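Data first, discussion second: the structure below is written as structure tokens.
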Amino acid sequence: MTFEEYYKKYGLEEYPFSIYNSEQEKKEGLFIKPSNYSLLEDSFKNGLTAIIVGNRGSGKTKILEDLKKKADRKMIICVLDNYEKVASTDNITDFYTLFLEKIVKSLLPELFSNKKLIKKLSNDNKILLSYLITRFGNNLTEKQIASQIDDVQLSFFKQLLNQFSKPITAVLNYFATATTNLGNKFLTETFGRYLPPINEENIKSIFPNIKYESDTCFFDIDVSYDLFDRTLDLVKSMEYDSTLIFLDKLDEDKRFENDSDEIVNFISSILLDSKLLLNPKIQLVFSVWSIPFSGLSSKFRRQKNYVYTIDWNSHELETVLNRRLSVYSNQKINTYTDLFCENVTGENIQEIFKLCNANPRDLWHIFHNLFDTQYSINPNNKISNEAIIKGLEKFVVNFDFYEYYPRKKGARRNTNDIYSYIQHLLKLTEQDFTNSELKSSASTGGSTTNYITAMCTLGLTKKTSKKRNGSVIYEICDPKVIYAIKNHLAIENI
Numbered sequence: 004m005t006f007e008e009y010y011k012k013y014g015l016e017e018y019p020f021s022i023y024n025s026e027q028e029k030k031e032g033l034f035i036k037p038s039n040y041s042l043l044e045d046s047f048k049n050g051l052t053a054i055i056v057g058n059r060g061s062g063k064t065k066i067l068e069d070l071k072k073k074a075d076r077k078m079i080i081c082v083l084d085n086y087e088k089v090a091s092t093d094n095i096t097d098f099y100t101l102f103l104e105k106i107v108k109s110l111l112p113e114l115f116s117n118k119k120l121i122k123k124l125s126n127d128n129k130i131l132l133s134y135l136i137t138r139f140g141n142n143l144t145e146k147q148i149a150s151q152i153d154d155v156q157l158s159f160f161k162q163l164l165n166q167f168s169k170p171i172t173a174v175l176n177y178f179a180t181a182t183t184n185l186g187n188k189f190l191t192e193t194f195g196r197y198l199p200p201i202n203e204e205n206i207k208s209i210f211p212n213i214k215y216e217s218d219t220c221f222f223d224i225d226v227s228y229d230l231f232d233r234t235l236d237l238v239k240s241m242e243y244d245s246t247l248i249f250l251d252k253l254d255e256d257k258r259f260e261n262d263s264d265e266i267v268n269f270i271s272s273i274l275l276d277s278k279l280l281l282n283p284k285i286q287l288v289f290s291v292w293s294i295p296f297s298g299l300s301s302k303f304r305r306q307k308n309y310v311y312t313i314d315w316n317s318h319e320l321e322t323v324l325n326r327r328l329s330v331y332s333n334q335k336i337n338t339y340t341d342l343f344c345e346n347v348t349g350e351n352i353q354e355i356f357k358l359c360n361a362n363p364r365d366l367w368h369i370f371h372n373l374f375d376t377q378y379s380i381n382p383n384n385k386i387s388n389e390a391i392i393k394g395l396e397k398f399v400v401n402f403d404f405y406e407y408y409p410r411k412k413g414a415r416r417n418t419n420d421i422y423s424y425i426q427h428l429l430k431l432t433e434q435d436f437t438n439s440e441l442k443s444s445a446s447t448g449g450s451t452t453n454y455i456t457a458m459c460t461l462g463l464t465k466k467t468s469k470k471r472n473g474s475v476i477y478e479i480c481d482p483k484v485i486y487a488i489k490n491h492l493a494i495e496n497i
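The sequence shown runs 4 to 497 under this note's numbering.
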């Protein structure tokens, strides 16, 4: 039996657990609103800037896609997910430049499909628009730029006159030249002996061409907040409600190599620019990885900007999973429990949702491991208890922790990163511990406090309000590590 034949036995028409990011997802109807989503929707409808915070795989991009569909006001909409033109640090001007490029790119098709918008502009705004086209219309040829600037600055009558003046004046010059030549011939025949010879071969430019010129002599203006703000005013003057910019994948630039400190340096200028974030003429919607965003928490003004943290609970994840199975089976499967044997225990099912760590992407990875494991054991049966146990072990042991946790850029193997911290935690016998217990179990010596601080910063562990023998108790946050401790599994960076 092939794997395709195996999963189709369940009623699935396509395999639902091989795609792990929304960019590759082509199916419609998969999106389920997470908890408190109405708060984000209300904020968005009211035109407020919002920061969507979540772990990798929590659905940030999918939420941006849903909000984009809800942008029902008349707006200039831009979506950003490539920041290679933006410097790693001290980059606010680069962000303004990128915004301007995207606004101009989005604005031009709108303008030249509805030229009435241009007619209403003041002369100053027409000059500003001409400058923006020249400066930021970087995908246009010189001829296209000149044509579009003429469309902005010259009336229809002037452009029509420019177009037809040359053939009209050519005809007039021809007849004027012919008349002149006829007169010259008469003069030559009559008074030729007394006059110098006359050249009659060339048509004379008696009537000059009429040509209205657009103003294209611009000073090169430095990109600044003032220029950006004037551009937003320009958009508003064209009867648009505002400008809406979505910023996705701010943390995924290859230059940063998953280093959260590098990412913090990159996003700090844009997320701490209060005059930009509070500007009523623009609405910004960011999706930000939770770990680097936490590095800005002491400086970021939460009371001034709306922050939406994605937090899936088990019931919501079950709903998301059921919807996915329904879509991929053409409504043949409406509950995930249909995938399991009748004797599968509730405890094992609970372990599945516990291990996915409130993350839809991890849930898809887990179910792929369950399908793959059951296929290896016995493809004639549904997913069994044995397949769940072995599949979860496979998921934990082979999990790529670098995908979800930051790593120091250029760090050598065996340095203090997520895998080295996990090695220390795996020597514990419980999911909670004190400083002295970790020191004793993992032999971390005088570095124990530094290790704990680093693990808390990563979100791998957290400090509790409880104490044991007078010492603060810490808890392991990642359920995969807890599962590995309980089941004596090794987690290694292979």
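Beta carbons are placed, not taken as given, at the ideal position from N, Cα and C, and that holds for glycine. Bear in mind the structure is a predicted one, so any value in this text is a computation, not a measurement.
Could you tell me the distance, in whole angstroms, from the CA atom of residue 286 to the CA atom of residue 227?
Approximately 18 Å, taken between the alpha carbons.
Taking the alpha-carbon of residue 463 as reference, which of 482, 278, 325 and 447 has the nearest alpha-carbon?
482
What is the rounded straight-line gap between the Cα of residue 78 and the Cα of residue 380?
55 Å
Is it true that the region 244-259 meets the region 77-96, where meeting means three or more beta-carbon pairs spaced less than 8 Å apart?
yes
If we ignore side chains and look at the alpha-carbon of each, how far apart do residue 432 and residue 282 end up?
53 Å
Counting pairs of Cβ atoms below 8 Å between the region 116-131 and the region 301-316, do you hit three or more?
Result no; under three Cβ-Cβ pairs closer than 8 Å.
So, helix, strand or coil for residue 100, using DSSP?
helix
Cross-strand partners of residue 240 (DSSP beta bridge):
In the DSSP output, where bridge partners are listed per residue, residue 240 has none listed.
Going by other Cβ atoms of all chains shown within 10 Å of its Cβ, with 16 needed for buried, is residue 473 buried or exposed?
Answer is exposed; the Cβ neighbour count stays below 16.
Beta strand (DSSP E) containing residue 466: first to last residue?
464-471
If you draw a straight line from the C-alpha of residue 470 to the C-alpha of residue 442, how long is it?
16 Å
Cβ-Cβ distance between residue 273 and residue 342 below 7 Å
Taking 7 Å as the Cβ cut-off, residue 273 and residue 342 do not qualify as a contacting pair.
Could you tell me the distance, in whole angstroms, from the CA atom of residue 57 to the CA atom of residue 486?
23 Å
Below 8 Å, can you find three or more Cβ-Cβ pairs linking the region 23-40 to the region 259-271?
no
What does the alpha-carbon distance come out to for the pair residue 22 and residue 131?
45 Å
Local Cβ density within 10 Å of residue 437, reported as buried at 16 or more and exposed below that:
buried
In this structure, does DSSP put residue 474 in helix, strand or coil?
strand
If you scan the region 262-332 from start to end, which runs of the alpha helix (DSSP H) of 4 or more residues do you find wholly inside it?
263-274, 277-280, 293-297 and 317-331
Whole angstroms are fine: how far does the CA of residue 457 sit from the CA of residue 466?
12 Å
Given a cut-off of 7 Å, decide if residue 275 and residue 74 are closer than it, judged by their beta-carbon atoms.
For residue 74 and residue 275, no; Cβs fall outside 7 Å.
Backbone secondary structure at residue 395 - three-state DSSP:
helix
Tell me, which residues are paired with residue 435 by DSSP?
Bridge partners of residue 435: 478.
For residue 488, tell me which candidate among 233, 451, 444 and 345 has the shortest Cα-Cα distance.
It is 444.
Which residues does DSSP pair with residue 82 in a beta bridge?
249
Between residue 67 and residue 314, is the Cβ-Cβ spacing less than 7 Å?
no
Does the pairing of the region 95-114 with the region 58-65 give three or more beta-carbon distances under 8 Å?
no
Run through the DSSP bridge pairs and tell me what residue 57 is partnered with.
292
Pair within 7 Å by beta-carbon distance, residue 3 and residue 65
Absent from the structure is residue 3, since the part of the chain shown begins at 4 and ends at 497.
I'd like the list of long-range same chain contacts for residue 105, defined as Cβ closer than 6 Å, with 5 residues on each side in sequence excluded.
81
Kindly indicate the opening and closing residues of the alpha helix (DSSP H) around residue 8.
6-11
For residue 428 versus residue 391, is the C-beta distance shorter than 7 Å?
It is not a contact, given that the beta carbons lie outside the stated cut-off.
If you draw a straight line from the alpha carbon of residue 119 to that of residue 242, how long is it in whole angstroms?
Roughly 11 Å separates the two Cα atoms.
In terms of residue numbering, what span does the alpha helix (DSSP H) encompassing residue 460 cover?
451-461
Would residue 324 pass as a contact of residue 339 if the rule is Cβ separation under 7 Å?
Yes, they are a contact pair.
Starting from residue 136, trace the alpha helix (DSSP H) in both directions and tell me its first and last residue.
126-139
So, are the CB atoms of residue 54 and residue 291 less than 7 Å apart?
yes
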